[in-house]
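The structure appears right after this line, and notes come after that.
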Amino acid sequence: MHAANIAITGERPDFFSAYKIRILAGDFARLGLQADRIVDFGAGTGNSIPFFRQYCPTSALTCADVSRRSLDLAQARFPGQSRPLLLDGPRIDAADGSFDVAFSACVFHHIPHAEHERWLRELWRVVRPGGMLCIFEHNPLNPLTVRAVNTCPFDANARLIVASRFRRTIRSAGWLASAVRYHIFFPRALAALRGLEPLLVRVPFGAQYSIIARR
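Encoded structure:
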């Protein structure tokens, strides 16, 4: 279903999972961050797991999700490659400072906007001082992204988030020095132009955006 929904891009779902983790790993290197412990918040059925193992092979990965069935599927698909963590209440079942990095890929648009700051504060709590938050979201300023979300059955409850507003919420939750970058400007048919995308990260029309912040 997901593959059919994004067919206009010419890419498979794995392409989008891979690029996010590749960017995340690049941030670790750029910032000199030791990322021994990562939590994937809203990990679902584990689509990012093989790419964490590819780009962050020495990191201990925790996959957190509200769906026990999704976590079970992730463990069945990629046995022994992550630790499952069920989100079954208002708090993340982890001690303060348990992780070096909190990562989330296109999850918050499924969470009621009024609850964003609470969950961002929980992520702040479970990340160590000096650690990092990295969130990817769909860009509501991109018409093709909006079309894909509006026609996708499992995005029926989605409310897309304007990056500038989300950045303010992240800062209100206690995170510091947040920065917004935009990604994916060219479909596969124009893949030869993707080398230009690092020059376009401040142009607010990419299909997705990321926000990084420090604890």
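Numbered by this note's numbering, the letters in the sequence shown go through residues 133 to 347 in order.
Glycine is no exception: its CB is placed at the ideal position from the N, C-alpha and C atoms.
Assignment of Asp159 by DSSP, reduced to helix, strand and coil, places it in the helix class. With fewer than 16 other Cβ atoms inside 10 Å of its own Cβ, His245 counts as exposed.
Asp172 sits buried, since 16 or more C-beta atoms from the chains shown fall within 10 Å of its C-beta. Cβ-Cβ distances below 6 Å link Val198 to Leu219 in the same chain, with the five nearest sequence neighbours on each side left out; the list follows chain order. Here Asn289 is exposed. Its C-beta has fewer than 16 other C-beta atoms within 10 Å.
Per DSSP, reduced to three states, the secondary structure at Phe337 is coil, with no helix or strand assignment. Of the residues Trp256, Glu269, Leu328, Ala227, the one whose Cα lies closest to the Cα of Ile243 is Glu269. In this structure, His315 sits away from Tyr187, with a CB-CB distance that is not shorter than 9 Å.
Counting C-beta pairs with one atom in each stretch, the stretch 229-239 and the stretch 173-181 have three or more that are closer than 8 Å, which means they touch.
Here the C-alpha atom of Arg215 lies approximately 22 Å from the C-alpha atom of Ile155. A Cβ-Cβ distance of about 39 Å is found for the pair Arg320 and Ser230, leaving them out of contact under the 8 Å criterion.
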